[in-house]
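Chains as they are written, first to last, in our numbering: chain V, 3 to 457; chain L, 702 to 1332.
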Amino acid sequence: MSENTIAAISTAQGQGGIGIIRISGNDAIEVADKIFVSVSGKPLSSMEGYRASYGKAVEEGEMLDEVVAILYRSPRSFTGEDVVEICCHGGLYITRRVLRAVLNNGAVLAEPGEFTKRAFLNGKMDLSEAQAVMDIISAQSRQAARAAVSTRTGALRKRIEDIKSDLVSLAGHLCAWADFPEEDIPEVTDSAIAETLNRAKGKIEKLLNEYEAGQAILHGVDTVIAGRPNVGKSTLMNLLSGFDKSIVTEIPGTTRDVVEETVIVGDVTLRLCDTAGIRDTDNPVEKIGVDRTKERLSSCSLVLAVFDSSQELTDEDIKLIDSLEDIPSIAIINKTDLERKLDINIISKKINHIVYISAISGDGKQELVDAIAEVSGTKDFDPCAGILSGERQRSAAQSALDCVTDAKNTLDAGYSFDAVTVCVEDAIDALLQLTGENVSDAVVDDVFHSFCVGK
Amino acid sequence: MQTYQAGKYDVAVIGAGHAGIEAALASARLGCKTAIFTINMDAVGNCPCNPSIGGTAKGHLVREIDALGGEMGKTADESFLQMRMLNRGKGPAVHSLRGQIDRLKYASIMKHKLELQNNLELRQAEITDINRTDNADYPWELTTQMGAVFSFKKVIIATGTYLGGRIFVGEVSYEGGPDGTFAATRFGQSLRDLGLSIRRFKTGTPARVLRSSIDFSELDVQCGDEPPEPFSFETDELGDNKVVCHISWTNENTKKIILDNIHRSPLYGGMIEGIGPRYCPSLEDKIMRFADKERHQLFIEPCGENTEEMYLQGMSSSLPEEVQLKFYHTIKGLENAVVMRPAYAIEYDCVDPLSLDATLQFKDFCGLYGAGQFNGSSGYEEAAAQGLVAGINAALSVKGEEPLILERSGSYIGTLIDDLITKGANEPYRMMTSRSEYRLVLRQDNADKRLTPIGRKIGLVTDERWARFLKKQEEIKNELYRVQHTVLSPTDELNDILVSCETSKVTTGVSLADLLRRPQISYKDLTPVDKDRPDLHRSVFEQVEIEVKYAGYIKKQLDRVEQMHRMQERELPSDIDYKDITGLRLEAQEKLNKIKPRNIAQASRISGVSPADVSVLIIWLTRNGRKGGEQ
């Protein structure tokens, strides 16, 4: 399986303080020794695991960089194989040059996700942990990184184990009761089953809700800035992102297209898109922008609806307010630095969260940050509690929830317990798929499909 | 010893218990010249433990044996005393038929069937030696204690508890088979010399007491079903139940006597090395393991119509006879019980079933098969099921035909064999409904639908039976169509029925199927409003009602079957050396090399093979471009 020794740059590609080239496989140490010369003169092959050695990276007599080589001996490494990590100076040129030297000396370039795949295949982590590693890499903020770390160490596994063991003991009791009808096994009552199912249901629902919050943290929230032209959408976007992105002018309809920007607001990553206003227009170019805005509104997870405090609400504003009734949204009353003419009651009837700001001066920004945390569910989010990560885990949890709900409905409808048991066992199966204890090839393919190079 | 050549046969069956009987009948019926050996001609088809056939999950096995063309179900019907469908209130997946039988009648009917069977010779002989020969046509030789040497193409070992049998009653211990027979004392060594890994299991049986010494006056009565349901799909009606059973309970005094004497139990005293069945524990086991439980239930069952022996189900023991007498007398109804045969434990030789393949042939010994307790199972029905499969496969192999491998998703028999050869048996293996992940599909009522076509293909289903089967399936199909397409008007009569069944009224026309889908409504409830109902056997209505009512749940299970089939399609070549696949953990390599699973699905069921190992196998298979049938 792991006949090749693989290598890749495992730090972010770009400018950085240091860059790390990771080598893993049976020949990792031999390959590293070919390009690494330690100051002490001792080759890596003579060293114990968990040792670092200072020296230089050299190829064909040419010194490439000053480096530190860290040695991990199998099985005590990330992948479970012999691993050498060469830490050199950051920057595209140096890291790529060192990697090339490693590849020239017997390693092959790692495929996407191959390090983690090997770690998984060598029994170093289960599937849910493997998925978490992927999230560590792509985590975009500190809290996201913390959440991913706690899954890696098994917090999620413990939570699922807790739900699973409850269901397993219910299924076990139902089976024993059926298999040993004359052994005087206590009867399973409807209410006891209902209680267990409700408990499991609550716990899985909590996992799924937290997943949504977790998604907001890990991958960001699709956010639309909406409002009629010239209420200050572009200024707001600039305020959030910290630099000019949209073209801000006094002429209505300047923003003709959907502009995207990823910003970190508090703990939440927002994938913002500033939109053209919703207005009746004959200008064909502007009309395309308006259509895109409408499309975005119906598919996004959060709407920041911007209103101009200094003007009365127009028909267009009312139209926007009405369309937001079922969408998580925050009404932003902009231009508080000017005299207020707008009737706030009309907005507050439909939209729960209202924030007053001046996008130009920056007043009210903190209130906006708090409101976003509240609406995206990340306010009380505990990053260490162990959350689902990735669509695979979410859909497994969702199908476990569906099965538990089925079981409850089956019980309530008055079906016999064997039908209830079928649903309970399906739920257990879904949870086993979630943790990777039950494996199907589709799951394996799916998980490794989305890994990036280097981890 | 002077030996003589006694003849050449296609198939030998060693042992004429429940496994051996089915093996020999199947082999002979498939046209193979077959010899079956019993150590005692009067012990053929003996039921040395309970006088009953079936029970939870075991009832499923009996129906499946019958559906494939085996004999156990029919003989149980012919010797039945009382029938009960267990778990009636718990849903169709776990309905299980159990029949009290007349054990002597059962045995004599079975023996007679063997005697009458074409191609089959029943002989009393103790087999002492087995040898492999250089003769490619007849590679196996069996020698009897009289010096007769028989030659065979295939040999099926179904020695039950006779092989190396040793009886324990308290401090008393001696070589012996069940019910006072001789043990087979020399054959075990011959098997060891051949290279089989033999180990010791134990089981036990309770006492038989004299009917007239039991006071039934204050005991609960357990009656049979009316009408009693037969096992066999070929039996129309059984007639009336002939006996009742009784229920009593142990108490604090029983417990005290057992605890005071526990040191005299050979099991707790360390005399027995064999491992007993957790699922069928002795009374002292129950008391030691469940110390909090104040009382344990026991059933008093008649052993037959022409005997006064009564079987005490739930009271198996290996305590000394005097201790047994003392504790029996503490139990209500048994205060003056006269013990005709004491309870005993028996220890015997068996093999590790991991050395067998799915046809029940030894992986390392071509032409040698195992069945029943010899393979590490427990129970008459488990034995018969394996005997049938081993017999069929030995015969198919003689005829050069494709082997029969029953799937776990298609039968309890398939599940039983897959469990034995994949997970092994650390204790005598008993069938339970919870062993199957496809319970709602593998019901006892549809065993014929699942397996009779397979039995027909093999050649064990007669033309008459086949015609009967096709007719029933046709009737089910037509009736299913009828209930789906018959719409009832929302009359007062209908709504009165619905209300009396505690379900909601209807306001528009509703199909019979929609009504039957309601858990509260049965066929019987709808009789007054279902005017055009055809006159069909109750088993047809039963099938239709379950198919309609549980359609959604059956579909869920079929989805799982489908999922498993996808893993099953990824076949693993039998010539892989798993040590060559790096990435597999050492334990997994060893287990896989020992078990040699046929496909990924089976590999994933091996304990010690982790999901990560399974992924390695999947990736290895994908890389090597071998996907079974698609090669």
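Glycine included, C-beta positions come from ideal geometry on N, C-alpha and C.
Residues, ordered as in the chain, of the segment 1302-1313 of chain L that lie near chain V by beta-carbon distance below 9 Å: Taken in chain order, the members of the segment 1302-1313 of chain L whose beta-carbon sits within less than 9 Å of a beta-carbon on chain V are S1305, S1311, P1312 and A1313.
Closest to L:V1211 by CA distance: which of L:S1190, L:N820, L:S728 and L:T860 is it? Ranking L:S1190, L:N820, L:S728 and L:T860 by Cα distance to L:V1211 puts L:S1190 first.
Applying a beta-carbon distance threshold of less than 7 Å, which residues of chain L neighbour V:N124? For V:N124, the residues of chain L that pass the 7 Å Cβ criterion are G1284, in the order they occur in the chain.
L:H761: buried (16+ other C-beta within 10 angstroms of its C-beta) or exposed? That one is buried.
Can you pull the chain V residues whose beta carbon is under 8 Å from the beta carbon of L:K998, in chain order? Strictly speaking, residue 998 of chain L in this sequence is Gln, with Lys absent from that position. Result: E184, E185 and D186.
From V:N411, V:I332, V:Q313 and V:T118, residue whose alpha carbon lies closest to that of V:A228: That would be V:I332, whose Cα lies nearest to the Cα of V:A228.
8 Å Cβ cutoff, V:F419 in contact with chain L: With 8 Å as the cut-off, V:F419 counts as an interface residue toward chain L.
For the 8 Å Cβ check, are there 3 or more pairs between the segment 296-314 of chain V and the segment 185-195 of chain V? Taking 8 Å as the limit for Cβ pairs, the verdict is that the segment 185-195 of chain V does not touch the segment 296-314 of chain V.
Contact with chain V by L:V1317, beta-carbon distance below 8 Å: Interface residue, yes.
In angstroms with no decimal places, state the Cα-to-Cα distance between V:T198 and V:I165. Straight-line Cα distance between these residues: approximately 10 Å.
Is there a C-beta anywhere in chain C that falls below 8 Å from the one on V:A215? Absent here is chain C; the protein component of the structure consists of chains V and L.
Does any C-beta atom of chain V lie closer than 8 Å to the C-beta of L:N788? Interface residue, yes.
Going residue by residue through the segment 368-403 of chain V, where are the continuous alpha helix (DSSP H) segments of at least 4 residues, counting only ones entirely within it? Listed in chain order, the alpha helix (DSSP H) runs fully inside the segment 368-403 of chain V amount to none, counting runs of at least 4 residues.
Beta carbon of L:F851 nearer than 8 Å to that of L:L864: Not in contact: L:F851 and L:L864 (Cβ atoms no closer than 8 Å).
Listed in chain order, which residues of the segment 736-767 of chain L have Cβ atoms closer than 8 Å to some Cβ of chain V? Listed by position, the residues of the segment 736-767 of chain L near chain V (Cβ gap below 8 Å) are T757 and A758.
For V:I335, which three-state DSSP category applies? Looking at V:I335 - three-state DSSP - the assignment turns out to be strand.
Do L:P879 and L:L1013 have their C-beta atoms within less than 8 Å of each other? No.
Assuming V:A202 and V:D168 are in contact, meaning their beta carbons sit under 8 Å apart, how far apart are those beta carbons, in whole angstroms? Confirmed, about 6 Å.
For L:S728, which beta-bridge partners are listed by DSSP? Bridge partners of L:S728: none, in fact.
Measure the C-alpha to C-alpha separation of V:I335 and V:D324 and round it to an integer number of angstroms. One C-alpha to the other measures close to 16 Å.
DSSP three-state assignment for V:A173, whether helix, strand or coil: Here V:A173 sits in helix by DSSP.
Run the CB neighbour count on V:N240, radius 10 Å, all protein chains shown included, and call it buried at 16 or more, exposed below. Residue environment analysis places V:N240 among the buried positions, since at least 16 neighbouring C-beta atoms fall within 10 angstroms of its C-beta.
Quick one: which chain L residues come within Cβ less than 9 Å of V:E439? By Cβ distance, chain L contributes S1311 and P1312.
Other residues of its chain near L:V1090: CB distance less than 8 Å, five sequence neighbours each side excluded: The residues are T1060, L1061, A1072, L1105, L1107, I1114 and I1118.
So which residues of chain V does L:K791 contact, with C-beta pairs closer than 7 Å? Within 7 Å Cβ-Cβ: A180, S418, F419 and D420.
In terms of alpha-carbon separation, which member of L:C946, L:L895 and L:V1142 lies closest to L:F917? Checked all of L:C946, L:L895 and L:V1142; the closest Cα to L:F917 is L:C946.
Going along chain L in order, which residues have a C-beta closer than 7 Å to the C-beta of V:V424? In chain order: L1141, Y1254, K1257 and Q1258.
Identify the contact partners of V:D428 in chain L, using a Cβ-Cβ distance below 8 Å as the criterion. For V:D428, the neighbours in chain L by C-beta distance under 8 Å run, in chain order, K1257 and R1261.
Do L:G1088 and L:I722 count as a contact pair if the criterion is CB distance below 8 Å? Cβ atoms of L:I722 and L:G1088: closer than 8 Å.
For V:R396, which residues of its own chain have a beta-carbon under 6 Å away from its beta-carbon, when the five flanking residues on both sides are left out? Closer than 6 Å at the Cβ level, and outside the excluded window around V:R396, lie Y213 and L390.
If you run the structure through DSSP and keep just helix, strand and coil, what is L:M784? Residue state, collapsed to three classes: strand.
So does the segment 742-756 of chain L actually touch the segment 885-897 of chain L, counting three or more Cβ pairs closer than 8 Å? No, the segment 742-756 of chain L does not touch the segment 885-897 of chain L.
Does the structure place the segment 35-48 of chain V close enough to the segment 111-126 of chain V that three or more beta carbon pairs sit under 8 Å? Short answer: they don't touch.
Kindly list the residues whose CB is nearer than 6 Å to the CB of V:K367, restricted to its own chain and excluding five residues on each side of it in sequence; keep chain order. For V:K367, same chain residues with a beta-carbon under 6 Å away, outside a window of 5 residues either side, do not exist.
Leaving aside the five residues before and after L:V1200 along the sequence, list all residues of the same chain whose C-beta is less than 7 Å from its C-beta, in chain order. Shown here for L:V1200: same chain residues with a beta carbon closer than 7 Å to its own, the five before and five after excluded, namely K1206 in chain order.
At the level of alpha carbons, what is the spacing between V:T256 and V:A134? Note on V:T256: pLDDT 45, under 50, position unreliable in the model; no value is reported.
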